[in-house]
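The block underneath contains the structure these notes are about, expressed in structure tokens.
There are 2 protein chains.
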Amino acid sequence: MLKISKKADYALMALQHIASVQFGDVTPGRVINTKEIAEEYHIPLELLAKVLQALSKNGLIESHNGPKGGYLLARSAGQITIAQILESIEGPLGLTDCSHEKDGEFCMQREHCNIRTPLLKVQDSIYQLLNSMTLHDMMGGTPLITIQSPSAQGVDR
Amino acid sequence: MLKISKKADYALMALQHIASVQFGDVTPGRVINTKEIAEEYHIPLELLAKVLQALSKNGLIESHNGPKGGYLLARSAGQITIAQILESIEGPLGLTDCSHEKDGEFCMQREHCNIRTPLLKVQDSIYQLLNSMTLHDMMGGTPLITIQSPSAQGVDR
DNA sequence: TGATCGGAGATCATTATAGTCTCCGATAGA
DNA sequence: TCTATCGGAGACTATAATGATCTCCGATCA
Chain A
167 MLKISKKADY ALMALQHIAS VQFGDVTPGR VINTKEIAEE YHIPLELLAK VLQALSKNGL
227 IESHNGPKGG YLLARSAGQI TIAQILESIE GPLGLTDCSH EKDGEFCMQR EHCNIRTPLL
287 KVQDSIYQLL NSMTLHDMMG GTPLITIQSP SAQGVDR
Chain B
167 MLKISKKADY ALMALQHIAS VQFGDVTPGR VINTKEIAEE YHIPLELLAK VLQALSKNGL
227 IESHNGPKGG YLLARSAGQI TIAQILESIE GPLGLTDCSH EKDGEFCMQR EHCNIRTPLL
287 KVQDSIYQLL NSMTLHDMMG GTPLITIQSP SAQGVDR
């Protein structure tokens, strides 16, 4: 459950790669093209191209056309959150269809729906979590993410 | 992104309904059948039946056959977590395919994969969150769930 | 003993996902 | 200025997941 798509997966790998090269010790500032990433991680080239185009459209990376072209991070790795990356590929976070319902829309269950509000709370918590972790945190770091919930029951599974 | 399935949605609604009737003021202890829930929330009867059967198999509710039959919670609402409910319907939590890879399996990217470890951390945090909220919390209560992360950058969107 | 329940399997339609193919425009460098 | 190399974009296909339906069975209570 709650699986992210392969495309989102590829986006995370690609951005991690770009960030590590761009801010690494070996060839800092080097522009990275799609083919390089596709071969390194065994990702279908044209599918990865779509992913990078989406990331570019969403302002996470900047593209450079022509020979020796490719991509660079549009801002520092510490300013790019997991939430931003995933949303660039899969659209806004939403546990249910009614998460982003506009006024005109409605679901059949809405009238007696008893779970919308609590689910929105859970959703918000997940969003905070995904937005608190950055690309920088994903690179070698071991971010210590903890959850505090007064309603914790300590139930084991 | 991270949407739960309609079936999981139905499971949450159904369990909330069963819990509220079973422990409510009006007719406590009453057995609730599939048809009642399906009509109340406009859920396709036979699809809801599948959902409830799955919940029964996973030990969250107990079934009673025959006329006047139906379902009851198998334990108190405070001992049934959101994680348990969702996993009963959608299977184990896993952001990526490699979340539950056994030793024999592997993904093409595994060799140079740079995101597996951090994603497992995120996944674990989400699991803690979902496992800290119970069916009881979903009923009228307003559980205050907060996230604390040292890597928080305060990035707005 | 029959109407009312849940249990279970097969089946189908629709949608989402993953991946491919083709053509276009930009550009750096010969 | 020509050309190979890059990204941008649309159409397209195949496969898998989801949502929903249908049918038949066994249990059980009145």
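First to last, the sequence lines map onto chains A and B. Numbering-wise, the first sequence is residues 167 to 323 according to our numbering. Numbering-wise, the second sequence is residues 167 to 323 according to our numbering. Just so you know, even glycine gets a beta-carbon here, dropped at the ideal spot from N, CA and C.
* Verify the contact flag: Leu261(B), CB atom, against every heavy atom of the ligand MG, threshold strictly below 6 angstroms. => In terms of ligand content, the structure shown is empty, and the ligand MG therefore cannot be addressed.
* In terms of alpha-carbon separation, which member of Ala185(A), Gln275(A), Gln182(A) and Lys223(A) lies closest to Ile255(A)? -> Within the first sequence, residue 255(A) is the residue found at index 89, counting from 1. Here the closest residue by C-alpha is Lys223(A).
* **Straight-line Cα distance separating Asp263(A) from Arg276(A)** => Stepping through the first sequence from its first residue, residue 276(A) is reached at position 110. Stepping through the first sequence from its first residue, residue 263(A) is reached at position 97. Roughly 11 angstroms separates the two Cα atoms.
* To do: Let me know the secondary structure DSSP gives Asp175(B) once reduced to three states.
  => Against the second sequence, residue 175(B) aligns to sequence position 9. Residue state, collapsed to three classes: helix.
* Asked: Whole-angstrom Cβ separation of Tyr237(B) and Leu218(B), contact assumed at under 8 angstroms?
  -> For the purposes of this step, residue 237(B) is taken as residue 71 along the second sequence, with counting starting at 1. For the purposes of this step, residue 218(B) is taken as residue 52 along the second sequence, with counting starting at 1. With a beta-carbon spacing of about 6 angstroms, Tyr237(B) and Leu218(B) fall inside the 8 angstroms limit used to define contacts.
* **Straight-line gap, Tyr293(A) to Lys287(A) (C-alpha atoms, nearest Å)** => Taking the first residue of the first sequence as 1, we reach residue 293(A) at position 127. Taking the first residue of the first sequence as 1, we reach residue 287(A) at position 121. Cα-Cα distance, rounded: 10 angstroms.
* To do: Tell me, to the nearest whole angstrom, how far the beta carbon of Tyr176(B) is from that of Ile209(B); I am working on the premise that it is less than 8 angstroms.
  => As a working mapping, residue 176(B) is identified with position 10 in the second sequence. As a working mapping, residue 209(B) is identified with position 43 in the second sequence. The beta-carbon distance between Tyr176(B) and Ile209(B), rounded to whole angstroms, is 5 angstroms. This is short enough to meet the 8 angstroms contact definition.
* Enumerate, from N- to C-terminal direction, the unbroken beta strand (DSSP E) stretches of 3 or more residues contained entirely within the stretch 233-267 of chain A. => Here the runs fully enclosed are 236-239.
* To do: May I ask you to list, following chain order, the residues of the stretch 219-250 of chain B that have a beta carbon less than 9 angstroms from some beta carbon of chain A?
  => Listed by position along the chain: Gly244, Gln245, Ile246, Thr247, Ile248, Ala249 and Gln250.
* Using the rule of at least 16 other Cβ atoms within 10 Å of the residue's Cβ for burial, across every protein chain shown, is Asn303(A) buried or exposed? -> Position 137 of the first sequence, counted from the first residue, corresponds to residue 303(A). As written in the sequence, residue 303(A) is Asp, which differs from the Asn given in the question. Result: buried.
* When the distance is taken between beta carbons, is Leu301(A) closer than 7 angstroms to Ala243(A)? -> In the first sequence, counting from the first residue as 1, residue 243(A) sits at position 77. In the first sequence, counting from the first residue as 1, residue 301(A) sits at position 135. Yes, they are a contact pair.
* To do: Would you mind giving the Cβ-Cβ distance between Leu226(A) and Ile203(A), rounded to the nearest angstrom? I have them listed as a contact below 8 angstroms.
  => Residue 226(A) sits at position 60 when you count from the first residue of the first sequence. Residue 203(A) sits at position 37 when you count from the first residue of the first sequence. Approximately 14 angstroms separates the beta-carbon atoms of Leu226(A) and Ile203(A); this is outside 8 angstroms, ruling out the contact.
* To do: Sort Leu259(B), Glu267(B), Glu206(B) and Lys201(B) by Cα distance to Gly235(B) and report the nearest one.
  => Within the second sequence, residue 235(B) is the residue found at index 69, counting from 1. The shortest C-alpha separation from Gly235(B) is found at Lys201(B).
* To do: Taking only the alpha-carbon atoms, compute the straight-line gap between Ser232(A) and Leu239(A) and give it to the nearest angstrom.
  => Counting from 1 along the first sequence, the entry for residue 232(A) is found at position 66. Counting from 1 along the first sequence, the entry for residue 239(A) is found at position 73. Going by the sequence as given, residue 232(A) is Gly instead of Ser. Straight-line Cα distance between these residues: approximately 18 angstroms.
* Asked: Taking the Cβ atom as the reference point for each residue, do Ile248(A) and Leu296(A) lie within a distance shorter than 7 angstroms?
  -> Position 82 of the first sequence, counted from the start, is the residue given in the question as residue 248(A). Position 130 of the first sequence, counted from the start, is the residue given in the question as residue 296(A). A contact, by the Cβ cut-off of 7 angstroms.
* Inter-residue spacing [alpha-carbon to alpha-carbon] between Gly190(A) and Leu168(B) -> Here residue 190(A) refers to the residue found at position 24 of the first sequence. Here residue 168(B) refers to the residue found at position 2 of the second sequence. One alpha carbon belongs to Gly190(A), the other to Leu168(B), and they sit about 32 angstroms apart.
* **In DSSP terms, what Thr300(B) is bridged to** => The residue given as residue 300(B) occupies position 134 in the second sequence. In DSSP, Thr300(B) forms a bridge with Thr247(B).
* Asked: Identify the residues that DSSP records as bridge partners of His230(A): which are they?
  -> Looking up residue 230(A) in the first sequence gives position 64. According to DSSP, which records beta bridges pairwise, His230(A) is partnered with Gly236(A).
* Closest residue to Asn280(A) among Met179(B), Ser171(B) and Ile170(B) (Cα-Cα distance) -> As a first step, residue 280(A) must be located in the first sequence, where it is residue number 114. Selected option, being the one with the closest Cα: Met179(B).
* Is Ile209(B) helix, strand or coil by DSSP? -> Residue mapping note: residue 209(B) aligns to position 43 of the second sequence, counting from 1. Coil, per DSSP.
* To do: Answer with yes or no whether the minimum CB distance from Leu213(B) to chain A is below 7 angstroms.
  => For the purposes of this step, residue 213(B) is taken as the residue at position 47 of the second sequence. No, Leu213(B) lies away from the interface with chain A (no Cβ there is under 7 angstroms from its Cβ).
* To do: Kindly indicate if chain A contains any beta-carbon less than 7 angstroms away from that of Ser291(B).
  => In the second sequence, residue 291(B) corresponds to position 125, counting from 1. Judged by the 7 angstroms Cβ criterion, Ser291(B) is in contact with chain A.
* Who are the Cβ neighbours of Lys173(B) in its own chain at under 6 angstroms, not counting the five residues just before and after it? -> On the second sequence, residue 173(B) is found 7 positions in, with the first residue counted as 1. Result list for Lys173(B): Val217 and Ile255, in chain order.
* Hey, how far is the Cα of Thr193(B) from the Cα of Glu212(B)? -> For the purposes of this step, residue 193(B) is taken as the residue at position 27 of the second sequence. For the purposes of this step, residue 212(B) is taken as the residue at position 46 of the second sequence. Rounded to the nearest whole angstrom, the C-alpha separation of Thr193(B) and Glu212(B) is 26 angstroms.
* Would you tell me roughly how many angstroms separate the C-alpha atoms of Ile313(B) and Ser291(A), rounded to the nearest one? => By one-based count along the second sequence, residue 313(B) stands at place 147. By one-based count along the first sequence, residue 291(A) stands at place 125. Caution applies to Ile313(B), whose pLDDT of 45 falls short of 50 and renders its modelled position unreliable; the value that the coordinates give is listed next. One C-alpha to the other measures close to 7 angstroms.
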